[in-house]
Amino acid sequence: MSEALIQVSHLKKYFQVPKHKDLFVRAVDDVSFDIPEGEIVGVVGESGCGKSTLGRCIMHLTDVTSGSVTYKGKDISGIGRKEMKEYRRHMQMVFQNPYSSFNPRHTIGGTLMDVTKEYGMNKKEGQERIVDLVGQIGLDPVVLARRPSELSGGQLQRLAVARALIVNPSFILADEAVSALDVSVQAQILNMIMDLRQEYHLTMMFISHDLTVVEHVSDEVVIMYLGKVMEKGKAVELFDNPLHPYTEALMSAKPREKPDQETNRIILNGDVPNAINVPPYCRFCTRCRDFIPGVCDKVAPQLKQVSGDHWVACHKICPA
Amino acid sequence: MRENIISIKGLKVGVASTSGYVYAVRNINLDVRKGEILGLVGESGCGKSMTAKSILRLHDEKRTEYQGKIIYENGKDILNMKEKELEQIRGSHIAMIFQDPMTTLNPLMKIGKQMMEMFRYHTSLSQEEAKAKCLKLLESVGVTPAEDRFENYPFQLSGGQLQRVSIAMELALDPELLIADEPTTALDVTMQAQILDLLRKLQKESGASILIITHNFGVVAEICDRVAVMYAGQIVETGESMDIFYHPRHPYTIDLIGSIPKAGLNGQKLTTIPGAPPQLNRPITGCPYAARCRYADEMCFTKAPDLQTLENGHTYLCSKADLTGEEAV
């Protein structure tokens, strides 16, 4: 097992509810996991489970309430802007909607040149680097003269990946990077990411609500629900043998691949509950089919190791 | 064969641009049969939403040109109907739900009031009767407690609940055809499963037809009886869902199915389609897919493909009659 490039430990991010001093949205609540060097960690959960907030905390785009994020052993959760900028050379991000992550009034080339300038390359170096990268992502350098509105979503998302690669980072966080794309374009981007990963020895965190995509790219998977990690482990192990009732339900909700495929669907009733003042016991118990009265609604389950690298927070799987 | 609720014949839809009309829908023929769930599949920009909106003539008519016919059940051509006749069909006979429930509903109006408005417009029910009906509808789509939700504003509900509300509203007047334009695209997988289950259940109960527009073959596999695949404004393949999944014939369908990530293939290369769809503002000679097709030969670039029809009603638009898509399966 390779060393952890990024370690998240006991990370909490609470948002205060306006006008209510004692009400908090616990978007991320005591989350710990490692991102080993060279691996892709997938983070899965429904909307509102805190996965994007977790990503923003890791990238230091927002302050954390408590806990720490370390990069190569150095805690970066509390450092200042200037110092963080140095770390941004190593940690880059790709967002969901490429149309809103590129300035519509600038040419693509201009936007990319800004990045090279920001990180101290001179004009010539910058241009060379950009032309080189655009070739690597399979586009013609003429796109550099275009504006975002003249390009397709797929082309732009490729360029968003290229932009992240300009500084030669060792870590990329992709937040729903393929969710807005058509399947055929999604396939292109996923293939491209897999190729670039080899070439750049990238470590990645891949946030998505799409289990199929996460299963396709990830080495390790973290399942989140209402700010908590429900289950984590090696992707192969976790997808073959999901233990947490929530993971099982998520997996069963995947659309079938063929019309005659049998599915044993577990329908989760209702929605994710309100994240304001969540209960001190198991957060999933209101929708869980394995709910044990007197246990699940009394005690919060701890994340426990069930085998090698497989961790689960559930009273049914790991009785207290 | 069952009767058709809608029969689209030779439909062309042009949108005005500075250099004349651009045809986003180019000569399509499509039947929606009574009581079936038909999936219209294709990538962004292929003309699937344009087709769907044409059925209710929802385009800005000053900037749109229609050619061809859309024959409604009663034998009349929707494209020739007077606005008044059309008003009678919209909502009560043919209803439509859209992709983003957050933008379908008025954010400043309570859910209940919006639902009541529809009854006031289309029926002669009294206030109390209409309210009772609304509450029943909300319950039938699982938006509970209905009394509370009736008094809520859209922002107080989640995306999944709002999509349920819009389904309830569209089904309120017992339409014979429900057009659903990407009804689950904005939702999570768990919510998608719930909404598809709901649509299937409601379809069984009412016997209505559903036309689902989607780019997701997973949705097709979940609920569609038949599929039509669209590419560059044309329907390139139609058939029973099972047939399309196991024996796709058109190279585009074969590639599209191949590009879906599948379980158990962790880290393997996905099939991709090189290039991009053709620009529709220029004339297309030959097969529109030829430039991206791995089976194309010279003839494909010069001669427009013929429609091939197999015994079981499976049709596809390709000059290569001998292709079978077993490899995609």
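Sequence order for the protein chains is W and A. Mind the numbering: the first sequence is residues 1 to 320 in the working numbering, read in order. Mind the numbering: the second sequence is residues 1001 to 1329 in the working numbering, read in order. Glycine included, each C-beta is placed from N, C-alpha and C at the ideal position.
Against chain W, with Cβ distances strictly below 8 Å, would residue i count as a contact?
i, result
"N1266 of chain A", "yes"
"E1237 of chain A", "no"
"L1162 of chain A", "no"
"K1269 of chain A", "yes"
"V1219 of chain A", "yes"
"H1215 of chain A", "yes"
"F1155 of chain A", "no"
"M1050 of chain A", "no"
"Q1203 of chain A", "no"
"D1148 of chain A", "no"
"I1094 of chain A", "no"
"L1177 of chain A", "no"
Would residue i count as contacting chain A if we go by Cβ distances under 8 Å?
i, result
"K19 of chain W", "no"
"V213 of chain W", "yes"
"R289 of chain W", "no"
"L196 of chain W", "no"
"N191 of chain W", "yes"
"H244 of chain W", "no"
"P255 of chain W", "yes"
"A300 of chain W", "no"
"Q188 of chain W", "yes"
"R158 of chain W", "no"
"K234 of chain W", "no"
"S100 of chain W", "no"
"R147 of chain W", "no"
"S52 of chain W", "no"
Could you please give the first and the last residue of the uninterrupted beta strand (DSSP E) stretch that includes residue i?
i, result
"N191 of chain W", "Run containing N191 of chain W: none in the beta strand (DSSP E); it sits in the alpha helix (DSSP H), V183 to Y200."
"A1024 of chain A", "G1020 to R1033"
"K1069 of chain A", "T1064 to Y1072"
"H1250 of chain A", "Per DSSP, H1250 of chain A belongs to no beta strand (DSSP E) and is neither H nor E."
"R147 of chain W", "R147 of chain W -> no beta strand (DSSP E), and no H or E assigned at all."
"E1240 of chain A", "Q1234 to E1240"
"A1221 of chain A", "Note, A1221 of chain A: premise wrong, no beta strand (DSSP E); alpha helix (DSSP H) at F1217 to I1223."
"L1157 of chain A", "Here L1157 of chain A belongs to no beta strand (DSSP E), and DSSP marks it neither H nor E."
"V69 of chain W", "S66 to Y71"
"Q92 of chain W", "M91 to V94"
"T53 of chain W", "Careful: T53 of chain W lies outside any beta strand (DSSP E), inside the alpha helix (DSSP H) at K51 to I58."
Going by DSSP, what residues sit across from residue i in a beta bridge?
i, result
"A4 of chain W", "W:P36"
"E220 of chain W", "W:V41 and W:K234"
"V28 of chain W", "W:K13"
"I1008 of chain A", "A:L1030 and A:I1070"
"G1039 of chain A", "A:I1212 and A:V1227"
"G1014 of chain A", "A:Y1023 and A:E1065"
"H310 of chain W", "W:S307"
Out of curiosity, what's the CA-to-CA distance linking residue i and residue j?
i, j, result
"A1095 of chain A", "L1056 of chain A", "8 Å"
"S66 of chain W", "Y14 of chain W", "9 Å"
"F291 of chain W", "K316 of chain W", "8 Å"
"K1048 of chain A", "L1040 of chain A", "7 Å"
"V1329 of chain A", "V69 of chain W", "A caution first: V1329 of chain A carries a pLDDT of 47, below 50, which makes its placement in the model unreliable, though a value can still be read off. If you take the alpha carbons of V1329 of chain A and V69 of chain W, they lie about 44 Å apart."
"K1131 of chain A", "Y1153 of chain A", "16 Å"
"V8 of chain W", "A27 of chain W", "15 Å"
"A1052 of chain A", "I1179 of chain A", "7 Å"
"G1091 of chain A", "M1050 of chain A", "18 Å"
"C140 of chain W", "K1113 of chain A", "For the sequence presented, residue 140 of chain W should be read as Asp rather than Cys. Those two C-alpha atoms are separated by around 53 Å."
"P273 of chain W", "T1185 of chain A", "22 Å"
"Q136 of chain W", "E199 of chain W", "10 Å"
"G120 of chain W", "D219 of chain W", "34 Å"
"E1117 of chain A", "T1285 of chain A", "50 Å"
Considering residue i, what are the terminal residues of the alpha helix (DSSP H) in which it resides?
i, result
"M1115 of chain A", "I1111 to H1122"
"T1315 of chain A", "Not the alpha helix (DSSP H): T1315 of chain A falls in the beta strand (DSSP E), residues T1315 to L1317."
"A1132 of chain A", "Q1127 to S1140"
"F102 of chain W", "Careful: F102 of chain W lies outside any alpha helix (DSSP H) and carries neither H nor E."
"Q945 of chain A", "The structure shown does not extend to residue 945 of chain A, since chain A spans only 1001 to 1329, so no value can be given for it."
"L133 of chain W", "K123 to Q136"
Heavy atom of the ligand MG less than 7 Å from the Cβ of residue i, yes or no?
i, result
"E237 of chain W", "For the ligand MG, the structure offers nothing, since it holds no ligand at all."
Legend entry - Segment contact, 8 Å Cβ cut-off, at least three pairs: the region 1225–1239 of chain A with the region 1021–1035 of chain A: Enough Cβ pairs lie closer than 8 Å, so yes.
Inset, instruction - Report yes or no: do the region 168–186 of chain W and the region 92–108 of chain W share at least 3 C-beta pairs separated by less than 8 Å? - result: Short answer: they touch.
Inset, instruction - Decide yes or no for the touch test of the region 1230–1239 of chain A against the region 1012–1028 of chain A: beta carbon pairs closer than 8 Å, at least 3 of them. - result: At 8 Å Cβ cutoff, the stretches touch.
Legend entry - Inter-stretch contact at 8 Å, needing at least 3 Cβ pairs: the region 205–219 of chain W / the region 17–34 of chain W: Cβ pair count under 8 Å is below three, so no.
Inset, instruction - Could you say if the region 238–245 of chain W and the region 1198–1214 of chain A meet the contact criterion of at least three C-beta pairs nearer than 8 Å? - result: In short, these stretches do not touch, since the Cβ pair count stays below three.
Inset, instruction - Answer yes if the region 73–87 of chain W comes into contact with the region 256–271 of chain W, meaning at least three C-beta pairs across the two stretches below 8 Å, and no otherwise. - result: Result no; under three Cβ-Cβ pairs closer than 8 Å.
Inset, instruction - Take every Cβ of the region 1148–1166 of chain A, pair it with every Cβ of the region 1109–1123 of chain A, and state whether three or more of those distances are shorter than 8 Å. - result: Result yes; three or more Cβ-Cβ pairs closer than 8 Å.
Inset, instruction - Pair every Cβ in the region 1181–1195 of chain A with every Cβ in the region 301–319 of chain W, then say whether three or more of these pairs are closer than 8 Å. - result: Contact fails: fewer than three Cβ-Cβ distances are below 8 Å.
Inset, instruction - Decide if the region 1080–1087 of chain A is in contact with the region 1270–1279 of chain A; the criterion is three or more beta carbon pairs, one per stretch, under 8 Å apart. - result: Short answer: they don't touch.
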